[in-house]
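Single-structure report; data block below.
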DNA sequence: CCTTGACTTTGAGCGCGCTCCAAGTTGTAG
DNA sequence: CTACAACTTGGAGCGCGCTCAAAGTCAAGG
């Protein structure tokens, strides 16, 4: 996380105005760091800034926002589950295509038939 | 995939100029569809347009680009593997936090101690 | 005292991937 | 014949998430 990003997150309300040293420089507490790490984790899994803002807001409100916050997390968790599914399908497809390319390359090396584009379609994904 | 996106992909060279009906409207062949499905699958797993362009270019060149194309796919596959890892970590973290929220909500319901922000840190991710 | 460098601020700029607008053409239904 | 819908084009616009530029302040080192 760059300094730019930290300031940006503060500007848009993802983190509360953070403590300062006597010279005005920002000093991040351990709590700040933990929170930033959580934010980072959510961003890394494609939670939109908007949703993180909503969560941060509720968190500031504190009392009585527990269920709303939980719902956000649950929603994001199912988002993540879907992402994993997509990624695993794509992973399988790529493995399939890579194997295909290798076959072709071997055929060339031993002087077999010409280089051909392997099937470019997504049967695996479609079929499964 | 919207019509806008299809035209965009054609503009930026992800697909070759596609066949037209007599009135000038685009007609996508089954091969086009298969290729588009593949592109869609790569985009859905966050392959940048740039890289898809490189792949499409090599594919047009045909002969002798097999290894280069395979490398692109292999690179993307490891990207995907990393994504999956991140997502699984986040999924675990969220499950942990959601359980925590539930605990808190129950304590409230039975008149236990006050609503408190559960630990917001990422120990799970950090620790594992 | 002066330079260097790390921070501060506000506000603008940018790269990505679409997404839409305006104006024009064509085919179909009433 | 007319109206409408569905496509065509080139080019502009947009939302997201940073990322950076310019100008200023302060602290330490030579």
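Chains as they are written, first to last, in our numbering: chain E, 1 to 128; chain G, 1 to 128.
C-beta atoms are modelled at their ideal positions from N, C-alpha and C, and glycine is treated no differently.
Predicted, not measured: the structure shown is a model, and the values here were computed from it.
Beta-carbon gap between residue i and residue j smaller than 8 angstroms
i: residue 87 (chain G); j: residue 45 (chain E); result: yes
i: residue 22 (chain G); j: residue 94 (chain E); result: no
i: residue 35 (chain G); j: residue 15 (chain G); result: yes
i: residue 18 (chain E); j: residue 10 (chain E); result: yes
i: residue 13 (chain G); j: residue 68 (chain G); result: no
i: residue 91 (chain E); j: residue 81 (chain G); result: yes
i: residue 66 (chain G); j: residue 105 (chain E); result: yes
i: residue 1 (chain E); j: residue 40 (chain E); result: yes
i: residue 110 (chain G); j: residue 84 (chain E); result: no
N-terminal and C-terminal residue of the alpha helix (DSSP H) that residue i is part of
i: residue 3 (chain E); result: 3-11
Counted within 10 angstroms of its Cβ, other Cβ atoms place residue i as buried (16 or more) or exposed
i: residue 20 (chain G); result: exposed
i: residue 97 (chain G); result: buried
i: residue 61 (chain G); result: exposed
i: residue 52 (chain E); result: buried
i: residue 64 (chain G); result: exposed
i: residue 8 (chain G); result: exposed
Subject >> Segment contact flag, the region 70-88 of chain E with the region 91-104 of chain G, C-beta cutoff 8 angstroms, min 3 pairs >> reply: yes
Subject >> Secondary structure, alpha helix (DSSP H): runs of 4+ residues fully inside the region 24-75 of chain G >> reply: 30-44, 49-61
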